[in-house]
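Beneath this line is the structure, given in structure tokens, with notes to follow.
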Amino acid sequence: MATLTPTPTSLSFFSSSLFLSSSSAKLPQLSLSSKTLPKSSLSVSCQLSTIPILSFTGEKIGETYLDLKSAPPDTARAVVHRAIITDLQNKRRGTASTLTRSEVRGGGRKPYPQKKTGRARRGSMRSPLRPGGGVIFGPKPRDWSIKINKKEKRLAISTALSSAAENTIVVEEFGDKFEKPKTREFIEALKRWGLDPKQKSMFLMMDVPQNVLLSSRNIGTLKMLTPRTLNLFDILNCDNLVLTPDAVDFLNGRYGENYEGDTEEDDDEEEEGEEEVGSEGMTFLISLFAFVSWHRDDRVPLTVSGNRNLNAKVTEAYNYIIEIVRSGLNFMQKDAFTRANLNSIAEKLVLDDPNKEIWTPFSLVFKPHHNSITGNYDINVLIAALEEKGKTVIWHDRRNGASAIDLNDEMLMGIVINVPVRRYAGLWKGRHWIALRKIDGVWYNLDSDLHAPHCFKDNGEVGEYLDYILSHDGQVLLVKDDRQ
Numbered sequence: 001m002a003t004l005t006p007t008p009t010s011l012s013f014f015s016s017s018l019f020l021s022s023s024s025a026k027l028p029q030l031s032l033s034s035k036t037l038p039k040s041s042l043s044v045s046c047q048l049s050t051i052p053i054l055s056f057t058g059e060k061i062g063e064t065y066l067d068l069k070s071a072p073p074d075t076a077r078a079v080v081h082r083a084i085i086t087d088l089q090n091k092r093r094g095t096a097s098t099l100t101r102s103e104v105r106g107g108g109r110k111p112y113p114q115k116k117t118g119r120a121r122r123g124s125m126r127s128p129l130r131p132g133g134g135v136i137f138g139p140k141p142r143d144w145s146i147k148i149n150k151k152e153k154r155l156a157i158s159t160a161l162s163s164a165a166e167n168t169i170v171v172e173e174f175g176d177k178f179e180k181p182k183t184r185e186f187i188e189a190l191k192r193w194g195l196d197p198k199q200k201s202m203f204l205m206m207d208v209p210q211n212v213l214l215s216s217r218n219i220g221t222l223k224m225l226t227p228r229t230l231n232l233f234d235i236l237n238c239d240n241l242v243l244t245p246d247a248v249d250f251l252n253g254r255y256g257e258n259y260e261g262d263t264e265e266d267d268d269e270e271e272e273g274e275e276e277v278g279s280e281g282m283t284f285l286i287s288l289f290a291f292v293s294w295h296r297d298d299r300v301p302l303t304v305s306g307n308r309n310l311n312a313k314v315t316e317a318y319n320y321i322i323e324i325v326r327s328g329l330n331f332m333q334k335d336a337f338t339r340a341n342l343n344s345i346a347e348k349l350v351l352d353d354p355n356k357e358i359w360t361p362f363s364l365v366f367k368p369h370h371n372s373i374t375g376n377y378d379i380n381v382l383i384a385a386l387e388e389k390g391k392t393v394i395w396h397d398r399r400n401g402a403s404a405i406d407l408n409d410e411m412l413m414g415i416v417i418n419v420p421v422r423r424y425a426g427l428w429k430g431r432h433w434i435a436l437r438k439i440d441g442v443w444y445n446l447d448s449d450l451h452a453p454h455c456f457k458d459n460g461e462v463g464e465y466l467d468y469i470l471s472h473d474g475q476v477l478l479v480k481d482d483r484q
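Right, here's the structure in full:
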């Protein structure tokens, strides 16, 4: 039987002691059985944890259990520690950048003669030894992210939940108990459940009603989450954990002993803050946005793991669109516009080309529909890819102007624009793709050259923009969905 240490005052002790060395703090010994330890112990349970069920008035109406997988006592801390370090490491932007001696502006002239001044010799004002000079071994942009196995991360979460079992209660569904937002009523409910409002508490509910969310958001020590957005750091940092019966069933199914394995649906739910994209119009937006970004220079489509690089000072419209786009990027790359799909479309167009007999050996490099050097595709591939998704692409006659385009047409899903551009100080001429998309009646410009998507004020501004494009040798394609 392991020797017990004094009971900590809160569950947050587990997270604070997690990073202490053995010389600076005496860590509690882990035991295989949680039933032999007093309340608030830090043991890792490998058995069923019985949790009381309370009514909204605070009366005990039954019991339930948490049947979760847990790491062995000798490796529990290492597993949880690794998962915490991974989460914190992956939150680093890695955008810090300094100028080296070769990057600082100026310094081409020797500041003063080499001799006859009595001063130390200097060759440049950009020296790191002078104010305003370069930085020696300064930070440069880098990717700090590290990987962790999905099973290991899930095991860390279930281990932390098992350790918090002694500080966990289950409350019956109380979403309909709050007729209107009242913080005072929520604080009184906490006291009836035996919780101190001054302690850190975390609620896990499958669906958080609006009145419950508004009633609890003014309590600084309280966090309201769903099991799908569960965060390991929040588990270790809270003093009390409050669950609903539906949340208990979800946790037993996701982190329990009978969990069968990962599915694509589970992987999508584990991405924190992600939302489902249900409408086909939103899927079209995702595909079109990625396609336009793809066609600029030699870029590749965005990936879920690369989305952390999008964290920047952007507008509210950009944040709104990015939340929609992020949740569907993985689906888009599997079932929509991938390089393999576009390459197959380009090859199919080559086989159907009537002029293939007059091609030269240079056609192996400069293919008619796919540039092997830059990785770009021409308009024929774009049209064929959209038509495969059930969309109709119509060339707009520039002679009719933008006034001939019915921007209120329900079948009009988006507009693809092709404009001439000059890059690299005018040495290179090419074409640039721009996508316009209407979301909830508002048109957005998803130009990849912009720092953030531009929100048009009204249809009149969209028409003026299209007129400007048409008057500067631009081309406009209307993308419609005839199935609507």
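Sequential numbering of the sequence shown, starting at 1, is according to the UniProt record's numbering. For every residue, glycine included, the Cβ atom is placed at its ideal position computed from N, Cα and C.
Just the C-alpha distance for residue i and residue j, rounded to the nearest angstrom, thanks.
| i | j | result |
| --- | --- | --- |
| asparagine 445 | isoleucine 417 | 10 angstroms |
| glycine 428 | methionine 224 | Reading off the sequence, residue 428 comes out as tryptophan, not glycine. Their backbone Cα atoms lie some 53 angstroms apart in a straight line. |
| asparagine 408 | lysine 457 | 14 angstroms |
| arginine 398 | isoleucine 345 | 28 angstroms |
| aspartate 143 | arginine 119 | 43 angstroms |
| isoleucine 383 | leucine 342 | 11 angstroms |
| arginine 109 | aspartate 473 | 47 angstroms |
| leucine 155 | valine 170 | 22 angstroms |
| phenylalanine 250 | glutamate 188 | 28 angstroms |
| serine 158 | arginine 437 | 42 angstroms |
| isoleucine 469 | alanine 340 | 32 angstroms |
| arginine 77 | glycine 256 | 19 angstroms |
| valine 248 | phenylalanine 233 | 19 angstroms |
| methionine 205 | threonine 226 | 5 angstroms |
| glycine 132 | arginine 105 | 10 angstroms |
| tryptophan 443 | alanine 385 | 23 angstroms |
| glycine 253 | histidine 451 | 42 angstroms |
| proline 111 | isoleucine 439 | 59 angstroms |
| glycine 463 | glycine 441 | 15 angstroms |
| lysine 147 | aspartate 406 | 49 angstroms |
| proline 73 | aspartate 378 | 59 angstroms |
Skipping 5 residues on each side, what residues in its chain have a beta carbon closer than 8 angstroms to that of residue i?
| i | result |
| --- | --- |
| glutamate 172 | Ile53, Leu54, Ser55, Phe56, Ile61, Thr244, Pro245 |
| leucine 99 | Gly134, Val135, Gly138 |
| serine 216 | Thr183, Phe186, Phe203, Leu222, Met224 |
| serine 201 | Leu190, Leu195, Thr221, Leu222, Lys223, Cys238, Asp239, Asn240, Leu241, Val242 |
| arginine 152 | The question names arginine, but residue 152 is glutamate in the sequence shown. Correct list, in chain order: Val79, Arg82, Ala83. |
| proline 420 | Lys429, Gly430, Arg431, His432, His472, Asp473, Gly474 |
| proline 128 | Arg101, Gly134, Val135, Ile136 |
| arginine 130 | Arg122 |
| aspartate 87 | Asn231, Leu232, Phe233 |
| alanine 404 | His396, Asp397 |
| isoleucine 51 | Glu63, Thr64, Tyr65, Leu66, Ala165, Thr168, Ile169, Val170, Leu243, Val248 |
Where do the N-terminal and C-terminal ends of the alpha helix (DSSP H) with residue i fall, by residue?
| i | result |
| --- | --- |
| threonine 159 | 150 to 163 |
| threonine 183 | 183 to 192 |
| serine 49 | Segment 49 to 54 is the beta strand (DSSP E) holding serine 49; no alpha helix (DSSP H) there. |
| asparagine 445 | That residue, asparagine 445, is in no alpha helix (DSSP H); its beta strand (DSSP E) goes 442 to 445. |
| valine 381 | 379 to 388 |
| leucine 251 | 245 to 255 |
Ordered along the chain, which non-local residues of its own chain (more than five positions away) have a Cβ less than 7 angstroms from that of residue i?
| i | result |
| --- | --- |
| aspartate 335 | Annotation note: pLDDT 44 at aspartate 335 (below 50); position unreliable, coordinate value reported separately. Nothing meets the Cβ criterion. |
| serine 97 | Pro139, Lys140, Pro141 |
| arginine 467 | One point to set straight first is that residue 467 is aspartate, not arginine, in the sequence displayed. Same-chain partners within the cutoff: Gly401, Ala402. |
| threonine 75 | none |
| glycine 107 | Ser124, Met125, Arg126 |
| glycine 94 | Pro141, Arg142, Asp143, Trp144 |
| arginine 192 | Thr57, Gly58 |
Would you kindly report the start and end of the unbroken beta strand (DSSP E) that includes residue i?
| i | result |
| --- | --- |
| leucine 436 | 428 to 439 |
| glutamate 63 | 60 to 66 |
| asparagine 418 | 412 to 423 |
| glutamine 89 | Per DSSP, glutamine 89 belongs to no beta strand (DSSP E); it is in the alpha helix (DSSP H), 76 to 90. |
| leucine 195 | Leucine 195 -> no beta strand (DSSP E), and no H or E assigned at all. |
| isoleucine 169 | 168 to 171 |
| isoleucine 469 | Here isoleucine 469 belongs to no beta strand (DSSP E); instead the alpha helix (DSSP H) covers 459 to 471. |
| glutamine 475 | 475 to 480 |
| threonine 57 | Here threonine 57 belongs to no beta strand (DSSP E), and DSSP marks it neither H nor E. |
| valine 393 | 392 to 395 |
Under 6 angstroms Cβ to Cβ from residue i, same chain only, skipping five residues before and after it: list those, please.
| i | result |
| --- | --- |
| tyrosine 465 | none |
| leucine 48 | Tyr65, Asp67 |
| histidine 454 | Asn445 |
Mind listing, in chain order, the continuous beta strand (DSSP E) runs of no fewer than 3 residues lying wholly within the region 198 to 241? 201 to 204, 222 to 225
Are the region 471 to 482 and the region 392 to 403 touching by the rule of at least three beta carbon pairs closer than 8 angstroms? yes
Would you call the region 174 to 182 in contact with the region 206 to 214, where contact means no fewer than 3 C-beta pairs closer than 8 angstroms? yes
On the three-pair Cβ rule with 8 angstroms, is the region 108 to 116 touching the region 78 to 85? no
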